[in-house]
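There are 2 protein chains.
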Amino acid sequence: MNPIPPHLTPSRYPKRADYDQQTIYSILDEALVCTVSFAVDNKPFSIPTAFVRHENKIYIHGSVGSHFIREIEKGLPVCITVTLLDAIVVAKSAFNHSVNYRSVVIFGTPEKIEDTTRKTQAFKWLTEKFVPNSWDYLRPFNESDNRKTTILAFSLDEASAKIRTGMPGEDENKDLPIWSGIIPIETRRLAPITEEECSAGIPLPPHLTGTMM
Amino acid sequence: MNPIPPHLTPSRYPKRADYDQQTIYSILDEALVCTVSFAVDNKPFSIPTAFVRHENKIYIHGSVGSHFIREIEKGLPVCITVTLLDAIVVAKSAFNHSVNYRSVVIFGTPEKIEDTTRKTQAFKWLTEKFVPNSWDYLRPFNESDNRKTTILAFSLDEASAKIRTGMPGEDENKDLPIWSGIIPIETRRLAPITEEECSAGIPLPPHLTGTMM
Chain A
1 MNPIPPHLTP
11 SRYPKRADYD
21 QQTIYSILDE
31 ALVCTVSFAV
41 DNKPFSIPTA
51 FVRHENKIYI
61 HGSVGSHFIR
71 EIEKGLPVCI
81 TVTLLDAIVV
91 AKSAFNHSVN
101 YRSVVIFGTP
111 EKIEDTTRKT
121 QAFKWLTEKF
131 VPNSWDYLRP
141 FNESDNRKTT
151 ILAFSLDEAS
161 AKIRTGMPGE
171 DENKDLPIWS
181 GIIPIETRRL
191 APITEEECSA
201 GIPLPPHLTG
211 TMM
Chain B
1 MNPIPPHLTP
11 SRYPKRADYD
21 QQTIYSILDE
31 ALVCTVSFAV
41 DNKPFSIPTA
51 FVRHENKIYI
61 HGSVGSHFIR
71 EIEKGLPVCI
81 TVTLLDAIVV
91 AKSAFNHSVN
101 YRSVVIFGTP
111 EKIEDTTRKT
121 QAFKWLTEKF
131 VPNSWDYLRP
141 FNESDNRKTT
151 ILAFSLDEAS
161 AKIRTGMPGE
171 DENKDLPIWS
181 GIIPIETRRL
191 APITEEECSA
201 GIPLPPHLTG
211 TMM
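As you go down the protein sequences, you meet chains A and B in turn.
Under the numbering used here, the first residue of the first sequence is numbered 1, with each subsequent residue one higher.
Under the numbering used here, the first residue of the second sequence is numbered 1, with each subsequent residue one higher.
Structure, rendered in structure tokens:
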């Protein structure tokens, strides 16, 4: 990705842009949900959905009956964004307030995965992103599951990250006796809660004990 | 908003749709970041940004030099999405896994706020969404701050929420001896961290003590 195409260059704070593959991957691997945008007759639509990254692609899934999936699987260009909010940046002036974030923007067109083995594989990656090491414990994935689901892949060739870290940038206000700093934001998993109608008495499997993070 | 226009009716799980204004407002008031999508030459672009709701509008801000702001302020139609992720829904089969979420989709065109008083007011709402009751403590908002910032408002007339809550839906798997349930996801503010270069020794103001949530 050299030179960087203009649509991957932020107009504001270009220094916050990051094209390093490992940086992009780490953001995509931490986030659980992305927003997929597409346009029909120059009108934008966007949908939040679960995703998983594997190698240099991300994968989303949806019902074969989903309007959204059926629109974009025709080969529409999409823009996919992922955002992790890390802190509220509190400055001495409202104007210098900001947020610390790690975001990724991806431009691409969908590749529809038709091969059953590849579809199942993508479903496994997606499931284990949300619940690591759970695939072999679950009721086996079957032909009906596969038939009802569309899997779309998007290359990460046109992806960029934008990141803000650290403290507020103060300039002419720096000597004012006003508190500044950050308020970190934490997202974490809490202890699993059992579904009492069908799973009462069934022990929590080992991959779910200790999922607090 | 009656009848519901087709672009606000989900093709999947239409029962999860919610058009109740208070439901939509409560999601918008809890989320700090939205994703704004627009199209140029039928190609989608999307950008995560901070926002605030006041009455039946949401407000975003940006630098007057921002490419994104300058594109959409021309009056481009936008689609704005907000997503809160509440839980991972763990079923007995991978196929029935899901997530609990509360999302809002808004279709609209920007109204550029030119009046200085209204701009300052929107800036106050935005600042106090992130740090409640902080406006009067901060270095006063000034003419330069106002001149450098564009504020865009979007009506919530065409907004809808989509919500999933509760436990996994099991059907033919319900008697399998496999654990099912949910893993709640919590997003919370941690204790503020002082910027030591310009704010060492300045006491945390009352509106920031006890911001843990």
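Every residue, glycine too, gets a C-beta built ideally from N, C-alpha and C.
Of the residues A:Y13, A:C198, A:E197 and A:Y19, which one's Cα is nearest the Cα of A:I106?
Checking every option, the nearest Cα to that of A:I106 belongs to A:Y19.
Select from the stretch 27-61 of chain B all residues with a C-beta closer than 9 angstroms to any C-beta belonging to chain A, and list them in chain order.
Contacts with chain A (Cβ-Cβ distance below 9 angstroms) from the stretch 27-61 of chain B involve L32, V33, T35, V36, S37, F38, A39, V40, D41, N42, K43, P44, F45, S46, I47, P48 and A50, listed in chain order.
Show which residues of chain B have a CB atom less than 9 angstroms away from the CB atom of A:E186.
Counting only Cβ-Cβ distances below 9 angstroms, A:E186 has contacts in chain B at E186, T187, R188, R189 and L190, in chain order.
So, are the CB atoms of A:P168 and A:A87 less than 7 angstroms apart?
Cβ distance not < 7 angstroms, so A:P168 and A:A87 don't count as in contact.
Who pairs with B:N100 in a beta bridge, going by DSSP?
Note: B:N100 sits in a beta bridge opposite B:A87.
Any beta carbon from chain B within less than 7 angstroms of A:K92's own beta carbon?
Taking 7 angstroms as the threshold, the shortest C-beta distance from A:K92 to chain B falls below it.
Any C-beta of chain B sitting closer than 7 angstroms to the C-beta of A:N2?
The pLDDT assigned to A:N2 is 43, lower than 50, so where the model puts this residue is not dependable; a value taken from the coordinates is nonetheless given after this. Not a single C-beta of chain B is nearer than 7 angstroms to the C-beta of A:N2.
Am I right that A:S46 and B:C34 are in contact with their C-beta atoms under 8 angstroms? What's the rounded C-beta distance?
About 10 angstroms separates the Cβ atoms of A:S46 and B:C34, ruling out a contact at the 8 angstroms cut-off.
Across which residues does DSSP place A:E111 in a beta bridge pair?
According to DSSP, A:E111 bridges with A:A153.
Taking CB distances under 7 angstroms as the criterion, tell me whether B:N173 reaches chain A.
Answer yes: the Cβ-Cβ gap between B:N173 and chain A drops below 7 angstroms somewhere.
Cα-Cα, which of A:S155, A:F123 and A:T117 is closest to A:G108?
Here the closest residue by C-alpha is A:S155.
Is there a Cβ from chain A that is less than 7 angstroms from the Cβ of B:G166?
It does not: the Cβ of B:G166 has no partner Cβ on chain A nearer than 7 angstroms.
Contacts that A:Y137 makes with chain B (C-beta to C-beta distance below 9 angstroms):
The CB of A:Y137 comes closer than 9 angstroms to the CB of I178 and W179 in chain B, given here in chain order.
Would you mind giving the Cβ-Cβ distance between A:T49 and A:I60, rounded to the nearest angstrom? I have them listed as a contact below 8 angstroms.
With a Cβ gap of about 5 angstroms, A:T49 and A:I60 count as contacting.
Label B:R188 either buried or exposed according to how many other C-beta atoms from any shown protein chain fall within 10 Å of its C-beta, with 16 as the threshold for buried.
By the 10 Å Cβ count, B:R188 comes out exposed.
Cβ of B:T83 less than 7 angstroms from any chain A Cβ?
Yes, its Cβ sits closer than 7 angstroms to a Cβ of chain A.
Cα-Cα, which of B:E71, B:T150, B:I182 and B:S26 is closest to A:I193?
Residue B:I182 is the option with its Cα nearest to A:I193.
Okay, do the stretch 92-100 of chain A and the stretch 157-166 of chain A touch, 3+ Cβ pairs below 8 angstroms being the bar?
Output reads yes: the stretch 157-166 of chain A touches the stretch 92-100 of chain A.
So with CB distances below 9 angstroms, who are the chain C contacts of A:V64?
Protein chains in the displayed structure are A and B, and chain C is not among them.
Residue-level contact to chain B via CB, A:E195, 7 angstroms cutoff
Cβ-Cβ to chain B under 7 angstroms: yes for A:E195.
A:I221 at chain B interface by Cβ criterion, 7 angstroms:
No answer is possible for residue 221 of chain A: it lies beyond the span of chain A, which begins at 1 and ends at 213.
For B:T127, which residues in chain A fall below 7 angstroms Cβ to Cβ?
Taking a Cβ-Cβ cut-off of 7 angstroms, the neighbours of B:T127 in chain A comprise A94 and H97, given in sequence order.
Run through chain B and tell me which residues come within less than 7 angstroms of A:L204, C-beta to C-beta.
Those within 7 angstroms of A:L204 in chain B are W179.
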